[in-house]
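Numbering (my numbering), first residue to last: 1000 to 1421.
All residues carry an ideal CB built from backbone N, CA and C; glycine is no exception.
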């Protein structure tokens, strides 16, 4: 499970050349893409340019992860772009058969516990590929194999992002924004996905926490069969893509409520939050919602969990004044010259304007953007830890809007919130 303890943001001397090469590659790819687009528009000639998914894949797993998160945000990108990015969920090009064999041989030098492993992966992501395997007694299992050499590459990417954040904070108007700490907190959580032992622990914890939520299923880890770089799990048969087109309206509505019930329990009761609930990690098995991949899981501190619950409850009930008070209490910094009356008035207007709106009428992304803008203009610095519960909801919101635009996204949380905050 990921913690919210940030790593050091220093760039080792040995990494500087690698970072420079990565920067050059990024500039070359994106620059050539922009140049080709501009030339095509000027000349009006057809041109076959690399797709967005190809560009992100060339940049590496860190950028693939960002593309996966963005794929649910049709309010940020066009539907065409989001559809392109959805190919990154579990259809990323798998590692070569040689790389998979090498990884398994390193994990099981004396030979693995499997009677047979499928040649082709059942799914492939930016960090690992998952294969079906069979134990000697015929029991099918899922075997998640980490891509060789991916750790240094992702750490280099985040060193680059950290360096960019340090530069950005020197710009006028951004010096109060904790961009460095934000990048450090997010990078610490994302890099935890490299540790498959921690993912096994997170899977077991989520299974315990959500055992009382009907129709949500999480595969059981098999730690006795797992090794460093390899996670063995229960194989759940009959999984199908999490798409609304194959379901009736009532089925879609019930699925959304089940998922929301589970997410609100994570956020407000247990504090163990799955931040990566995109369509590549959500499947259907009969009437169950199956949640796969517990790599990007964060444990919130009790203080962050309670403050986020207080804000969400006041937002859901349309109590803008109290929501503003929570923002001020949770802030990392409030300047002495801040116009508190004006800030409270602006937050009250924002909350009241979105009160009791359905998922189709309410967008958390624009709401959060406006709230952060109000904080920035008032010089109020938000604590970076709140990015994780917000990220969880932002990723999930895309699926909810696709399945049931009439669900009361805020109202569904109120029973859980009242139980927690009573």
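Quickly, what does DSSP pair residue i with across the bridge? List them, please.
i: residue 1281; result: 1290
i: residue 1273; result: 1296
i: residue 1141; result: 1131 and 1232
i: residue 1149; result: The partner list for residue 1149 (beta bridge, DSSP) is empty, contrary to what the question assumes.
i: residue 1220; result: 1232
i: residue 1380; result: 1332
i: residue 1226; result: 1229
i: residue 1215; result: 1288
i: residue 1116; result: 1132
i: residue 1239; result: 1283
Among the options, whose alpha-carbon lies nearest the alpha-carbon of residue i?
i: residue 1193; options: 1126, 1250, 1363 and 1256; result: 1126
i: residue 1412; options: 1257, 1383 and 1086; result: 1257
i: residue 1401; options: 1226, 1277, 1380 and 1096; result: 1277
i: residue 1110; options: 1084, 1226, 1209 and 1315; result: 1226
i: residue 1154; options: 1263, 1372, 1056 and 1188; result: 1188
i: residue 1260; options: 1238, 1367, 1406 and 1420; result: 1406
i: residue 1345; options: 1334, 1362 and 1372; result: 1372
i: residue 1417; options: 1313, 1342, 1376 and 1391; result: 1313
i: residue 1316; options: 1350, 1324 and 1289; result: 1350
i: residue 1222; options: 1196, 1243, 1246 and 1360; result: 1196
i: residue 1362; options: 1120, 1325, 1404 and 1374; result: 1404
i: residue 1304; options: 1324, 1282, 1289 and 1329; result: 1329
i: residue 1151; options: 1139, 1132, 1169 and 1191; result: 1191
i: residue 1224; options: 1239, 1241, 1262 and 1135; result: 1135
i: residue 1084; options: 1094, 1107, 1056 and 1108; result: 1056
i: residue 1218; options: 1323, 1139 and 1162; result: 1139
Quick one: using the 10 Å Cβ neighbour count with 16 as the cut-off for buried, is residue i buried or exposed?
i: residue 942; result: In this structure the chain extends from 1000 to 1421, so residue 942 is not present and cannot be described.
i: residue 1060; result: buried
i: residue 1021; result: With a pLDDT of only 48 at residue 1021, under 50, the local geometry of the prediction cannot be trusted, and no value is derived from it.
i: residue 1332; result: exposed
i: residue 1180; result: buried
i: residue 1213; result: exposed
i: residue 1334; result: exposed
i: residue 1397; result: buried
i: residue 1158; result: buried
i: residue 1283; result: buried
i: residue 1414; result: exposed
i: residue 1391; result: buried
i: residue 1044; result: Residue placement at residue 1044 is flagged as unreliable, the pLDDT there being 43, under the threshold of 50; a coordinate-derived value is accordingly withheld.
i: residue 1247; result: exposed
i: residue 1052; result: buried
i: residue 1120; result: buried
i: residue 1132; result: buried
i: residue 1340; result: exposed
i: residue 1279; result: buried
i: residue 1420; result: exposed
For my contact list, residue i and residue j are in at a C-beta cut-off of 8 Å; report their separation, rounded to the angstrom.
i: residue 1319; j: residue 1348; result: 7 Å
i: residue 1296; j: residue 1273; result: 5 Å
i: residue 1102; j: residue 1145; result: 7 Å
i: residue 1209; j: residue 1252; result: 20 Å between Cβ atoms; not a contact.
i: residue 1230; j: residue 1220; result: 7 Å
i: residue 1141; j: residue 1233; result: 7 Å
i: residue 1237; j: residue 1285; result: 7 Å
i: residue 1387; j: residue 1399; result: Not quite, the Cβ-Cβ distance comes to about 18 Å (not below 8 Å), so this is no contact.
i: residue 1156; j: residue 1216; result: So it is not a contact: roughly 33 Å between Cβ atoms.
i: residue 1092; j: residue 1123; result: 7 Å
i: residue 1281; j: residue 1271; result: Rounded, the Cβ-Cβ distance is 17 Å, inconsistent with contact.
i: residue 1381; j: residue 1374; result: 6 Å
Determine the direct distance from the alpha carbon of residue j to that of residue i, and round the result to whole angstroms.
i: residue 1096; j: residue 1118; result: 7 Å
i: residue 1357; j: residue 1066; result: 26 Å
i: residue 1160; j: residue 1183; result: 9 Å
i: residue 1294; j: residue 1137; result: 28 Å
i: residue 1266; j: residue 1308; result: 8 Å
i: residue 1268; j: residue 1369; result: 27 Å
i: residue 1031; j: residue 1310; result: Below a pLDDT of 50, predicted positions are generally treated as unreliable, and residue 1031, at 43, falls in that range; the measurement from the model is reported next regardless. Roughly 44 Å between the two C-alpha positions.
i: residue 1130; j: residue 1099; result: 10 Å
i: residue 1275; j: residue 1298; result: 14 Å
i: residue 1343; j: residue 1352; result: 14 Å
i: residue 1143; j: residue 1113; result: 13 Å
i: residue 1395; j: residue 1365; result: 15 Å
i: residue 1186; j: residue 1306; result: 23 Å
i: residue 1384; j: residue 1228; result: 28 Å
i: residue 1080; j: residue 1087; result: 12 Å
i: residue 1165; j: residue 1171; result: 13 Å
i: residue 1148; j: residue 1094; result: 11 Å
i: residue 1162; j: residue 1168; result: 10 Å
i: residue 1321; j: residue 1235; result: 45 Å
i: residue 1338; j: residue 1325; result: 16 Å
Mind checking if residue i is an interface residue toward chain C, Cβ cutoff 7 Å exclusive?
i: residue 1409; result: This model lacks chain C altogether, as it is built from one protein chain only.
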